[in-house]
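Working notes, structure below.
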Ligand SMILES: Nc1ncnc2c1ncn2[C@@H]1O[C@H](COP(=O)(O)OP(=O)(O)O)[C@@H](O)[C@H]1O
Ligand SMILES: Nc1ncnc2c1ncn2[C@@H]1O[C@H](COP(=O)(O)OP(=O)(O)O)[C@@H](O)[C@H]1O
Ligand SMILES: [Mg+2]
Ligand SMILES: [Mg+2]
Ligand SMILES: [Mg+2]
Ligand SMILES: [Mg+2]
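Protein chains in written order, with the working numbering: chain A, 43 to 373; chain B, 43 to 373; chain C, 2 to 227; chain D, 2 to 227.
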């Protein structure tokens, strides 16, 4: 296994310890619940925004904790929803008089854990609302899942809700923003390789040397089809078309575009994809207001990428531009 | 080849186009010389800082162009120094009355190209100084290379020189800062896999499923030795010890620590390494003032990491903390 | 035997802990065939905690005990198993507040309440290839025993084990429609569901503990009880 | 033939372009054995540009022409080959400013100046397994012809080709000490240096073009001229 790990069972707490060590002024780490919260804690005059999911998608979700982003987050084992109590404790640690928005990506385990945690917290009088994110267009109207998956679009929901909460908007307003972003954001991804969860030690799926999985999920779930690898432009076109036709986006739309790496793809390849997506978006008459090229929602060391488009209005544009701070430091 | 590429011969210009498309307000792209410069251009009242090297190490070098960082940079083909003219044109495009500092990483091809370019530019009356970066401790007193390689420590030289230039320091002062950083920064890396240059289509070296190359170079050059993969803590210890003992660093030193990913290693694994390095540094009595966990100097999609330590004084600390702007956007 | 004492239920839970810990790796392997390979770990994490905290668990009555067990599961078990098993124990706890013993009809209702809770929690239906495909026939078997006025726990256990065992083979060729295994689509066909195997193995071990003779039919259950 | 005309030098350059373009892939393959596999591309990029811009190149004298060629190389060739070949042409140009023809001693000095320039640029010594290991014996061969008062270009070319060809085999087992190939350490032993092969191939093609009969001895040169 070509990985930097000690005991695979300790992989998640160890990397969380690293994040905490690296951000002593920004973050607090509670190992018992694999929870990271803002050092400054929640503010009773501001809505809290929390999230939590399986590990292996970093910088989602615990690396998105910080002013202007999440108030707190917890992580389960790699690709496994956090235990109910971790979710419950995260809600409690972040509870605010202004209320808490719980952002949940649409997966069976996550939904069940957060449902229970929310019921427990509400029973104690904690004011909250839950919102389900499902931006992945890969598998339509699936009969065998709980519906569309939540993937890289999650970043935009966090960013906008975090900024709105920071600006002092109330719980209903922050919820409405989550809804607006989710209704206007779509994503599709492609995988060139599988990843290897440390505890498993072997790839989660087999894929030929010349194959790619189009529409892959961030846990390696199958997408639309398996096919021969084509060139970067053809792949960018396929992702762009799938995303653009879904809502659909229209000429004249102001948009934010994200080309997200799944973990093992170098930034240069993401920019090759971005060049094409940018071109396609301009030809389609969209006005590209912001762009994001890098890693936002990964699948361990999987080679692959996803394309996300978000339709903007004045409100969302302002929220995206608002300042924020997270564990990621560039310089 | 599990990559997002079109024609491999167009890989570099295509990803540079993507970087330019994504940063229309920040950067200008001159395809003829594979050159990226600040949109705002050089300022005659400030020293310019330029660099250029083979591609495949992004975000080094063209993604480090921006206010507070490089004034301009050019790139050659993957792992190949830029042509002399590209270097010369980059110097010319960034020329400032205050002079230009040319930062060169210590590789045969880069040095020769920049030497020639500097001679040409000086012959035309352009004021400049050249500085050679060589922070890699892996191969000591090698008889078969031009000396120590320049690797991730390059980031700190760029950051400090960029900040000093921005602050209006003169050419000698900015050169002195480069020298101070280079004298106080050391790096060593380890590779778990090889990378595949797009034009080659095959790995640049063979490595067993259970092997790692300790002290690897960023073009896959061999390091100190090939051995069985050990656990993350043991690897972190080896890198830390090699780096710490080189200058050596001492108890009481204020330091910046970087755990740099080589391209294919997920951020979580880098944080597992960071947790250990942080621990070791604290136990050694260093005062960790800043840290950098992420990708700063890569080798395409190579799985691997390097550890860099920089000894700080008040001046360097201030320069690292100065604002800057680059092509990388987090939110 | 007209009543099932709290002691019997305590023993059943301890037996379950042994079943789950003994099969930690095997249940992971089964989950690895079509899921993400963590089922054995997840469940074992929960029952290891139950075992460790056993002496301190409030045993003043069945309901209090089951509530505490539900809480231990919620604290320690991630993935889908946490909410599913936690909910099951919680619903059973709510029907047994203050009780020191239950009748067979009451036990039947406890299983029914657990099923309802799990269905409400995860939305799975019969045939979705989840542990509900074992729990539903178990519940029906118990109902039949109750209707027949049958009060022998051993006989009921044997029939329940039979029903769960059958469920392993009957669902083997289905495509999972819920949980992580559903995300591999067709790949989940021809692999047994680890949750169903776990339920059948637990019941087989309960039989053994009660001195009820029975040979498992599904090869996975045979392997897990060997 | 007492003098080498500008026309002869022009033809030699055009012949070189053919040699390099014909062997683009093969020289890449050779560089791939121990280097980074770009040598053939890099050189071909330069000579393709020379070919394309040929008609527009200032041919008022040898020096002007070689200077322009040096500039085309500097513009188009990356890696180590750009500075090395660019420097070589530049140094030769500086000795031929305004000249329309050169003598054999002058040609010898041009090669000597190119060698000095390349050594100053890249710091390589004899035995470091670079194209200098071909250029140095070529220079010595030319010097011998000059000392002997020999003015036949064909005879000199043949001996130079011989010397370069021998260098391929004599350096084959060395470990490279300069350039990218040096970065693979011991792995560069037992692989021919592509720069030396290129020089030997170019000289063999010059012989052929001059009607000088000769059979290459190193298998790589034979292959590259086949
Ligand atoms: N919605 C559901 N309702 C009931 N049981 C379920 C559901 N989803 C999954 N299961 C059961 O849980 C088992 C898998 O548990 P586990 O591995 O912990 O979950 P995860 O899929 O999150 O990794 C399956 O074998 C199945 O029997
Ligand atoms: N310092 C040097 N001096 C002279 N020739 C050199 C030197 N370094 C490399 N070479 C020659 O250049 C050739 C490789 O060229 P090229 O592939 O363009 O360079 P790079 O190593 O940068 O990829 C080698 O085969 C060798 O003959
Ligand atoms: Mg799981
Ligand atoms: Mg090269
Ligand atoms: Mg599982
Ligand atoms: Mg080369």
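Even for Gly, the Cβ is constructed at its ideal location relative to N, Cα and C.
Check the Cβ-Cβ distances between residue i and every residue of chain A, and say whether any is below 8 angstroms.
i: residue 361(B); result: no
i: residue 320(B); result: yes
i: residue 84(C); result: yes
i: residue 275(B); result: yes
i: residue 227(B); result: no
i: residue 238(B); result: no
i: residue 282(B); result: no
Starting from the C-beta of residue i, find all residues in its chain whose C-beta is less than 8 angstroms away, skip the five residues before and the five after it, and write them out in chain order.
i: residue 114(C); result: 92, 93, 95, 96
i: residue 111(C); result: 92, 93, 96, 97, 103
i: residue 198(D); result: 28, 31, 169, 219, 221, 222, 225
i: residue 45(B); result: 238, 240, 343
Strictly under 8 angstroms for the Cβ-Cβ distance: is residue i near chain B by that measure?
i: residue 76(D); result: yes
i: residue 352(A); result: no
i: residue 57(D); result: no
i: residue 179(D); result: yes
i: residue 266(A); result: no
i: residue 31(A); result: Residue 31(A) is absent from the model: chain A starts at 43 and stops at 373.
i: residue 80(D); result: yes
Using a Cβ cut-off of 8 angstroms (strictly closer), state whether residue i contacts chain D.
i: residue 172(B); result: no
i: residue 134(B); result: no
i: residue 155(B); result: yes
i: residue 151(B); result: yes
i: residue 42(B); result: With chain B running from 43 to 373 in the structure shown, residue 42(B) is simply not present.
i: residue 246(B); result: yes
i: residue 344(B); result: no
i: residue 158(B); result: yes
Under 6 angstroms Cβ to Cβ from residue i, same chain only, skipping five residues before and after it: list those, please.
i: residue 204(B); result: 91, 110, 111
i: residue 122(C); result: 84, 88
i: residue 227(A); result: 177, 195, 198, 352
i: residue 210(C); result: 16
i: residue 189(C); result: 35, 176, 177, 182
i: residue 65(B); result: 369
Can you list, in chain order, the residues of its chain whose CB lies under 7 angstroms from that of residue i, leaving out five sequence neighbours each side?
i: residue 99(C); result: 62, 64
i: residue 13(C); result: 207
i: residue 131(D); result: 125, 179, 180, 194, 196
i: residue 156(A); result: 129, 144, 146, 172
i: residue 47(C); result: 73, 74, 77, 78, 86
i: residue 159(D); result: 208, 213, 215
i: residue 52(A); result: none
At a Cβ threshold of 8 angstroms, is residue i touching chain C?
i: residue 78(A); result: no
i: residue 99(A); result: no
Residues of the stretch 103-124 of chain C with Cβ closer than 8 angstroms to any Cβ of chain A, in chain order: 122, 123, 124
Just list the alpha helix (DSSP H) runs in the stretch 3-82 of chain D, keeping only unbroken ones of 4 residues or longer that don't cross its boundaries, in chain order. 7-23, 25-35, 40-53, 63-77
Quick one: which residues of the stretch 18-41 of chain D get their C-beta closer than 9 angstroms to a C-beta of chain B? List them in chain order. 29, 33, 37, 38, 39
Starting from the N-terminal side, write out each stretch of the alpha helix (DSSP H) that is 4 residues or longer and does not extend beyond the stretch 198-252 of chain B. 213-225
Please list the residues of the stretch 116-129 of chain A that have a C-beta atom closer than 7 angstroms to any C-beta atom in chain C, keeping them in chain order. 118, 119, 121, 122, 123, 124, 125, 126, 127
Which complete beta strand (DSSP E) runs does the stretch 279-309 of chain B hold, if anything under 3 residues is left out? 296-303
Positions along the stretch 298-323 of chain A whose CB lies within less than 7 angstroms of some CB in chain B: 305, 306, 307, 308, 309, 310, 311, 313, 314, 315, 316, 317, 320
List in chain order: all unbroken alpha helix (DSSP H) runs of 4+ residues lying wholly within the stretch 77-144 of chain B. 126-136
What residues in the stretch 56-79 of chain B bring their beta carbon closer than 7 angstroms to a beta carbon of chain A? 56, 57, 59, 60, 61, 63, 64
Please go through the stretch 79-103 of chain D and give each complete alpha helix (DSSP H) segment of 4 or more residues, from N-terminal end onward. 82-95
Taking only beta carbons into account, state which residues of the stretch 248-262 of chain A come closer than 9 angstroms to chain C, listed in chain order. 259, 261, 262
Enumerated in chain order, which unbroken segments of the beta strand (DSSP E) with a length of 3 residues or greater are wholly contained in the stretch 309-345 of chain A? 329-336
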